[in-house]
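Undergrad: Next up is a structure, given as structure tokens.
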Amino acid sequence: MASTGFALESAASDRGKLRRIALDPLSRVEGHGKVTLLLDDDDQVQQARLHIVEFRGFEKFIQGRPYWEVPVMVQRLCGICPVSHHLAAAKALDQVVGADHLPPTAEKVRRLMHTGQILQSHALHFFHLSSPDLLFGFDSDAGRRNIVGIAAAYPEIARQGVLLRRFGQEVIRLTAGKRVHGTGAVPGGVNRALSREERAGLLAEIYQIIAWSRQAVQLVKRLHDADPELYDQFGSFRSNMLSIVGASGVLDFYDGRLRARDADGRMLADGVDVRNYAELISEEVKPWSYMKFPFLAAIGPQAGWYKVGPLARVQNCDAIATPLAEAERHEFIDHGRGQPIHAPLAYHWARMIEMLHAAETIKDLLHDDDLSGRELVTSGTRRHEGVGVIEAPRGTLIHHYRVGDDDLVTMCNLIVSTTHNNQPMNEAVRRVARRYLNGRELSEGLLNHIEVAIRCFDPCLSCATHALGKMPLQLELQDASGRVIGRLGATPASASPADSTG
Amino acid sequence: MNAASLLLDGLPLPFSPGQTIMEAATVAGIFIPHLCHHPEFKPQGSCKLCTVKANGRYVSACTMPAKDGMEVENNSPDLNDKRRTLLQMLFVEGNHFCPSCEKSGNCLLQALAYELEMLTPHFTQFYPDRPVDASHPDVLLDFNRCVLCELCVRASRDVDRKNVFALSGRGIGKHLIVNAESGRLADTGFSLSDKAAHVCPVGVILEKRQGFKEPIGCRRYDLQPIGMQVGQRPGSEEGC
Ligand code: SF4
Ligand code: FES
Numbered sequence: 032m033a034s035t036g037f038a039l040e041s042a043a044s045d046r047g048k049l050r051r052i053a054l055d056p057l058s059r060v061e062g063h064g065k066v067t068l069l070l071d072d073d074d075q076v077q078q079a080r081l082h083i084v085e086f087r088g089f090e091k092f093i094q095g096r097p098y099w100e101v102p103v104m105v106q107r108l109c110g111i112c113p114v115s116h117h118l119a120a121a122k123a124l125d126q127v128v129g130a131d132h133l134p135p136t137a138e139k140v141r142r143l144m145h146t147g148q149i150l151q152s153h154a155l156h157f158f159h160l161s162s163p164d165l166l167f168g169f170d171s172d173a174g175r176r177n178i179v180g181i182a183a184a185y186p187e188i189a190r191q192g193v194l195l196r197r198f199g200q201e202v203i204r205l206t207a208g209k210r211v212h213g214t215g216a217v218p219g220g221v222n223r224a225l226s227r228e229e230r231a232g233l234l235a236e237i238y239q240i241i242a243w244s245r246q247a248v249q250l251v252k253r254l255h256d257a258d259p260e261l262y263d264q265f266g267s268f269r270s271n272m273l274s275i276v277g278a279s280g281v282l283d284f285y286d287g288r289l290r291a292r293d294a295d296g297r298m299l300a301d302g303v304d305v306r307n308y309a310e311l312i313s314e315e316v317k318p319w320s321y322m323k324f325p326f327l328a329a330i331g332p333q334a335g336w337y338k339v340g341p342l343a344r345v346q347n348c349d350a351i352a353t354p355l356a357e358a359e360r361h362e363f364i365d366h367g368r369g370q371p372i373h374a375p376l377a378y379h380w381a382r383m384i385e386m387l388h389a390a391e392t393i394k395d396l397l398h399d400d401d402l403s404g405r406e407l408v409t410s411g412t413r414r415h416e417g418v419g420v421i422e423a424p425r426g427t428l429i430h431h432y433r434v435g436d437d438d439l440v441t442m443c444n445l446i447v448s449t450t451h452n453n454q455p456m457n458e459a460v461r462r463v464a465r466r467y468l469n470g471r472e473l474s475e476g477l478l479n480h481i482e483v484a485i486r487c488f489d490p491c492l493s494c495a496t497h498a499l500g501k502m503p504l505q506l507e508l509q510d511a512s513g514r515v516i517g518r519l520g521a522t523p524a525s526a527s528p529a530d531s532t533g
Numbered sequence: 008m009n010a011a012s013l014l015l016d017g018l019p020l021p022f023s024p025g026q027t028i029m030e031a032a033t034v035a036g037i038f039i040p041h042l043c044h045h046p047e048f049k050p051q052g053s054c055k056l057c058t059v060k061a062n063g064r065y066v067s068a069c070t071m072p073a074k075d076g077m078e079v080e081n082n083s084p085d086l087n088d089k090r091r092t093l094l095q096m097l098f099v100e101g102n103h104f105c106p107s108c109e110k111s112g113n114c115l116l117q118a119l120a121y122e123l124e125m126l127t128p129h130f131t132q133f134y135p136d137r138p139v140d141a142s143h144p145d146v147l148l149d150f151n152r153c154v155l156c157e158l159c160v161r162a163s164r165d166v167d168r169k170n171v172f173a174l175s176g177r178g179i180g181k182h183l184i185v186n187a188e189s190g191r192l193a194d195t196g197f198s199l200s201d202k203a204a205h206v207c208p209v210g211v212i213l214e215k216r217q218g219f220k221e222p223i224g225c226r227r228y229d230l231q232p233i234g235m236q237v238g239q240r241p242g243s244e245e246g247c
């Protein structure tokens, strides 16, 4: 069995001529990592590097295990979005057991489970992790910039955040069997349906959930209105975007085909069967990072990288199938005045539109009697390979397995959401650092702004490197000779400069 | 008519001639922790989980014949401490990852760990390297979880008359083997309908492709702690 030992920092050090700055730890990003800023001789930020500590053990760990164990086991990858891994694996293994069309009950129970996960994750991210920055300001007292501070200053917002999340968790519990690490999806279907009572219980709350989700969208819009320059420009950079879209181009978190657009919104690829993902996407390895850098193969690593997640999805799709979220999508698209919106802070807006869509979708599903059906699994001609894709809260998640005749997994490849966003996060940090780094002076303001930029992407750093543990993040500055000349750290409670000696 | 009885934790426990302490307790609905004991098989007293104190001496309840007037201590902190230590040793010797194990909720080892309030493994994990045997078309062997209870050995030998399984090695090196030159289950006469395919108290001998079809939370020991299911047959549970 694989050992879970890992060092705090093991990324290869760069002996180049650039100075470096590293941030430590990035509070309120789920999971941890490390940022190095490389300065050129004129003290300009030339590059930003988000380092993640390696744990590549997982793909190995899964090899030699029976395939039916995989959807349960992959949830150990990540304490943040276990349901997404659970479902992506189950979808890949549907193909292995020849389940090309799931019974409606299975498909809808899974969709409900996944939508519950989107709702709870988006609520957690916006209310608990991001609203303190957005409501108090990036430079406000760090001791107050947390959910406790929000509860004191904006008790109603904090309460809604907590209850939205709890509702999503309850949906997960009823579909997956447990709040975390459920076992509801099995290759070929699910192992439980919902009773009418369970549906009625959720239905009693769903209209309130929809109302609060609408208010959350309004809240983000008010923030944009209050400081359009900040929200439209902070850390902004142009890039391609990637997501799956559902049938007839609608926003679909659970299933669909891959679509990529360029920075101007022009279609680069569409209708790509996820089983051909390897033709669409390549991954580059860089010596200083264990997290790979995916890019669109046809364009190449220089210009082929792309954003995933809410900002990509809401702009990649042609429509949203639920009316309230669709109206909000229109307003969002209009805000771009004919151009795609690339601003990292717009992720929050898109995320809340998605949360509203999730709430509306849950309502529709709960009214569907298929949820209480009896036919739970199916199977067909056995295959040796399967690729599952899902839009996890943070973006496109791909699971790929090969399974031998003896039912054991022989190959596993995962591309997780945060890895797709690797280059975009580096780019956002670079933009912010260029704007806010003053000479060689590490300031708390810089630290805060870098954190805010990374947080927009809602990265889950632990699963991006398949880590089973925690990794603190640091900011470090090195001079041309490779000597550390500055270091800065922040804790969740307070962001205070740490020792600045090398 | 037999009025013979012993004192179990201070209370009279009647028994019939020839019964072991375990059998007498089971009839009366009293739980004595056990792992290698199975009512359908001749007891062999190897796991020592059922250790009780009879007239001041540590004995295995599954093999010890009940005697008139015997004073037996069962549910005491001292004995449960020792049992918990035995469980902890079993956990670290194998690879027992309950959260992703398909036997979770139907596993005797896990149920005992809950019953005896084992909160940590306490000892250092061995992490032994034990590849699974997936050669058989219908049955998977995951040796990572074997607790060497020999129930499969006994079932295959005494009921199926096939002698598919055996223990090999000694001491800490003791392990389960498949009696075939290749060592693979596919090269034996083993079949899913064998008794030995259905006796493993933990997650070693598993019907393939069933995995998590029975929801977690609806399984035997999810519904009721093992201490309240004395004498019930596996499979008699209601489910949910
Ligand atoms: S395989 Fe199961 S039944 Fe056989 S010895 Fe191991 S634990 Fe006991
Ligand atoms: S149950 Fe008595 S020794 Fe194992």
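Protein chains in written order, with this note's numbering: chain P, 32 to 533; chain G, 8 to 247.
The beta-carbon is built from N, C-alpha and C at its ideal position, and this holds for glycine as well.
Could you name the residues of chain P that Gly238/G contacts, counting a contact when the two beta carbons are closer than 9 Å?
TA: Ordered by position in chain P, no residue passes the 9 Å Cβ test against Gly238/G, which lies about 29 Å from the chain.
Undergrad: Kindly indicate the opening and closing residues of the beta strand (DSSP E) around Lys65/P.
TA: Where Lys65/P is concerned, the enclosing beta strand (DSSP E) stretches over Lys65 to Leu70.
Undergrad: Using the three-state DSSP reduction, which class does Cys112/P fall into: helix, strand or coil?
TA: Cys112/P: coil per DSSP, three-state reduction.
Undergrad: What three-state label does DSSP hand Val206/G in the structure shown?
TA: Looking at Val206/G - three-state DSSP - the assignment turns out to be coil, as it is neither helix nor strand.
Undergrad: Is the Cβ-Cβ distance between Ile446/P and Pro325/P less than 8 Å?
TA: Yes, the Cβ-Cβ distance between Ile446/P and Pro325/P is below 8 Å.
Undergrad: Mind checking whether the beta-carbon of Leu56/G lies closer than 7 Å to any heavy atom of the ligand SF4?
TA: Outside the cutoff, so no.
Undergrad: Using a cut-off of 9 Å between C-beta atoms, extract the partners of Ile95/P located in chain G.
TA: One point to set straight first is that residue 95/P is Gly, not Ile, in the sequence displayed. Simply Pro138, Val139 and Ala141.
Undergrad: Is the number of C-beta pairs between the segment 304–316 of chain P and the segment 372–392 of chain P that are closer than 8 Å three or more?
TA: Too few Cβ pairs lie closer than 8 Å, so no.
Undergrad: Taking only the alpha-carbon atoms, compute the straight-line gap between Met298/P and Asn347/P and give it to the nearest angstrom.
TA: Straight-line Cα distance between these residues: approximately 9 Å.
Undergrad: Taking C-beta to C-beta, are Gly340/P and Arg425/P nearer than 8 Å?
TA: Yes, they are a contact pair.
Undergrad: Output yes or no for whether 8 Å exceeds the beta carbon distance between Arg269/P and Ala291/P.
TA: Taking 8 Å as the Cβ cut-off, Arg269/P and Ala291/P do not qualify as a contacting pair.
Undergrad: Determine, for Arg216/G, whether the minimum Cβ-Cβ distance to residues of chain P falls below 8 Å.
TA: Judged by the 8 Å Cβ criterion, Arg216/G is in contact with chain P.
Undergrad: Less than 7 Å separating the Cβ of Pro50/G from some heavy atom of the ligand SF4?
TA: Pro50/G Cβ: outside cutoff for every heavy atom of the ligand SF4.
Undergrad: In chain P, what lies closer than 7 Å to Ser107/G by C-beta?
TA: Correct list: Glu100, Val103, Met104 and Arg107.
Undergrad: Which residues of chain B have a Cβ atom closer than 8 Å to the Cβ of Lys220/G, listed in chain order?
TA: Given the protein chain composition of this structure (P and G), no chain B is represented.
Undergrad: Applying a beta-carbon distance threshold of less than 7 Å, which residues of chain P neighbour Gly76/G?
TA: By Cβ distance, chain P contributes nothing, its closest Cβ being about 50 Å from Gly76/G, past 7 Å.
Undergrad: CB-CB under 6 Å to Glu458/P, same chain, minus the five flanking residues each way: which ones, in chain order?
TA: Phe268, listed in sequence order.
Undergrad: With DSSP as the reference, label Ala73/G as helix, strand or coil.
TA: Of the three classes helix, strand and coil, the one that applies to Ala73/G here is coil, per DSSP.
Undergrad: Grouping DSSP H, G and I as helix and E and B as strand, with all else coil, what is Gln126/P?
TA: Reduced to three states, the DSSP call for Gln126/P is helix.
Undergrad: Could you check whether the segment 243–254 of chain P touches the segment 182–197 of chain P, counting it as contact only if at least three pairs of C-beta atoms, one from each stretch, sit closer than 8 Å?
TA: Output reads yes: the segment 182–197 of chain P touches the segment 243–254 of chain P.
Undergrad: Under the criterion of a Cβ to heavy atom distance below 7 Å, does Ala118/G qualify as lining the ligand FES?
TA: No, the Cβ of Ala118/G stays beyond 7 Å of every heavy atom of the ligand FES.
Undergrad: CA-CA distance, Ile485/P and Lys65/P?
TA: Straight-line Cα distance between these residues: approximately 11 Å.
Undergrad: According to the Cβ coordinates, are Cys54/G and Met29/G closer than 8 Å?
TA: Contact: no.
Undergrad: Does Thr136/P have its Cβ less than 8 Å from a Cβ in chain G?
TA: Judged by the 8 Å Cβ criterion, Thr136/P is not in contact with chain G.
Undergrad: Any chance the CB of Leu158/G is under 7 Å from a heavy atom of the ligand FES?
TA: Leu158/G: no, Cβ never under 7 Å from the ligand FES.
Undergrad: DSSP state of Asp256/P, grouped into three classes?
TA: Helix, per DSSP.
Undergrad: What are the partner residues of Pro325/P, as DSSP defines its beta bridges?
TA: Answer is Glu314/P.
Undergrad: Would you say Ala32/G touches the ligand FES, meaning its beta carbon is less than 7 Å from a heavy atom?
TA: No; taking the cut-off as 7 Å, the Cβ of Ala32/G has no heavy atom of the ligand FES nearer than that.
Undergrad: Asn151/G: which of Gly95/P, Arg462/P and Asp125/P sits nearest, CA to CA?
TA: Taking only the C-alpha atoms, the option nearest Asn151/G is Gly95/P.
Undergrad: Could you tell me which residues DSSP puts in a beta bridge with Gln78/P?
TA: Per DSSP, Leu69/P.
Undergrad: Between which two residues does the alpha helix (DSSP H) containing Tyr121/G stretch?
TA: Note, Tyr121/G: alpha helix (DSSP H), Leu115 to Glu122.
Undergrad: Using alpha carbons as the reference points, say which of Leu69/P, Pro97/P, Ile372/P and Val408/P lies closest to Asp437/P.
TA: The shortest Cα separation from Asp437/P among Leu69/P, Pro97/P, Ile372/P and Val408/P belongs to Pro97/P.
Undergrad: Taking the runs of the beta strand (DSSP E) that are 3 residues or longer, which of them lie wholly in the segment 429–461 of chain P?
TA: With a minimum length of 3 residues, the continuous beta strand (DSSP E) runs that stay inside the segment 429–461 of chain P are 440–446.
Undergrad: Is Gly335/P close to chain G, meaning its C-beta is less than 8 Å from at least one C-beta of that chain?
TA: Not an interface residue.
Undergrad: In the segment 11–89 of chain G, which residue ranges form an unbroken alpha helix (DSSP H) of at least 4 residues, counting only runs that do not cross its ends?
TA: If we require 4 residues or more, the alpha helix (DSSP H) runs fully inside the segment 11–89 of chain G come out as 28–34.
Undergrad: Pick helix, strand or coil for Asn271/P, following the three-state DSSP scheme.
TA: Note: Asn271/P maps to strand in three-state DSSP.
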